[in-house]
Amino acid sequence: MAVDLHLHSTCSDGSDTPAEIVAGAVAVGLSGIALTDHDTLQGIHEAAALAKSSGLRFVGGTELSVTWNDQTMHMLVYFLDPGGGPLQDRLDELRDSRHQRNLEIAEKLRAQGFDMTIEEVEAEAGGGVVGRPHFAGVMIQKGYVENVPEAFERYLGAGRPAYTPRRRLSAKQAISLSRASDAVPVIAHPHTLNLSAEEFSSGFRELVDCGLGGIEAYYGEYNPAMRARIAEICNELGIVATGGSDYHGKYKPHLSIGTGTGDLAVPDVALEQLEQRR
Ligand code: AMP
Ligand code: FE
Ligand code: FE
Ligand code: ZN
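Here the sequence shown stands for residues 41 to 318, where the numbers follow the working numbering.
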């Protein structure tokens with residue numbers, strides 16, 4: 041049986057509600073899922089309840105943007121309880137900084153000559169955490185770009201005219217806050233990091249020593265050789281090879297729940313191994 045441990049809903053930059061995510065996972069026959077919206081635990085209670093009544097194993101989590109060696113790393117945090125706690129208490133701050141950044145992005149897009157407001161972007165987000173894909177959504181609606189990748193390549197991505205950084209935890213802070221919250225931190229899609237082959241295999245050791253629980257090996261957009269290589273590195277480091285599709289609904293239309301670009305099947309043992317890491 042397969043699981044999908046990386047899914048985004050309308051609580052952040054996915055376009056399916058938590059209920060639709062659970063239904064989608066049941067429809068493709070998964071045995072378990074994790075909801076990992078950016079900087080929020082808003083959908084966890086609802087998704088957990090629906091998953092339970094569908095006989096689906098469920099893990100609550102979030103995805104954070106952190107800094108590591110001057111790079112942006114995404115970190116998935118699993119088993120994060122939606123009540124209070126050391127990491128939970130920092131999420132408000134991260135969302136505030138995201139909001140300030142979003143105001144700046146809106147200004148920069150207007151300076152580029154686009155007729156769009158933060159209110160329109162917030163409406164696109166429908167009450168969830170607002171992210172750059174929502175800016176892309178409004179730009180598509182208004183005919184300024186054809187699709188989400190074009191919006192990032194031309195305006196929203198790092199180094200492009202509307203790019204604006206925001207406050208981030210360091211990777212080590214995120215790991216220790218996760219552990220203090222009885223949660224398990226995992227590096228998401230490690231190939232977004234620009235690392236030499238040498239750094240790629242040994243560089244994560246310092247994070248393992250801080251409490252890193254796993255690395256996302258079975259990722260929707262990776263080919264079988266990349267998945268096998270990352271799983272091997274996890275094995276060498278003594279941490280869990282996790283995986284998921286990074287499904288975002290209409291914002292990443294090439295990805296599907298459970299199967300990613302088509303050939304993904306995250307072994308369900310990943311979920312059990314993660315549980316043992318708590
Ligand atoms: P934010 O969290 O608001 O900074 O936006 C980051 C999110 O934008 C990521 O989690 C992805 O969902 C999405 N994203 C980042 N880069 C790209 C890209 N080049 N093409 C499409 N989506 C992207
Ligand atoms: Fe996202
Ligand atoms: Fe990510
Ligand atoms: Zn993600």
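We treat Cβ as the ideally placed atom computed from N, Cα and C, and that holds for glycine.
All values reported here derive from a predicted model rather than from experimental measurement.
- For L116, the three-state secondary structure derived from DSSP is strand.
- The alpha-carbon of K182 is positioned some 31 Å away from that of H229.
- A residue is called buried once 16 or more other Cβ atoms fall within 10 Å of its Cβ, and Q82 is buried on that count.
- In this structure, ligand 2 has no non-hydrogen atom nearer than 7 Å to the beta-carbon of H46.
- With a cutoff of 7 Å, D110 does not count as near ligand 3, since its C-beta is closer than that to no heavy atom of the ligand.
- Non-local beta-carbon contacts of G167 in its own chain, meaning distances under 8 Å to residues more than five positions away in sequence, involve T50 in chain order.
- The beta carbons of R135 and T80 sit about 7 Å from each other, so the pair counts as a contact at 8 Å.
- Taking each of R141, D155 and N187 in turn and checking the Cα distance to V170, the smallest one comes out for R141.
- Runs of the alpha helix (DSSP H) lying entirely within the segment 136-170 and spanning at least 4 residues, in chain order: 158-165.
- Residue pairing for L209: DSSP places it in a beta bridge opposite V106.
- For L45, there is no enclosing alpha helix (DSSP H); the residue is found in the beta strand (DSSP E) stretching over A42 to L47.
- When the five nearest sequence neighbours on each side are left out, the beta carbons in the same chain lying within less than 8 Å of the beta carbon of L143 are those of I158, in order along the chain.
- For the set F244, H294 and L295, the Cα lying nearest the Cα of E276 is the one of F244.
- Note that the C-beta distance between T76 and S210 is not below 8 Å.
- Rounded to the nearest angstrom, the gap between the Cα atoms of L96 and V66 is 7 Å.
- Annotation: the continuous beta strand (DSSP E) that includes L75 extends over G72 to L75.
- Distance from A257 to A42 at the Cβ level is roughly 14 Å; contact not present, criterion being Cβ atoms closer than 8 Å.
- In this structure, A74 is the residue among P126, L217 and A74 with its C-alpha nearest to the C-alpha of E312.
- For E256, the uninterrupted beta strand (DSSP E) run begins and ends at G254 to Y259, by DSSP.
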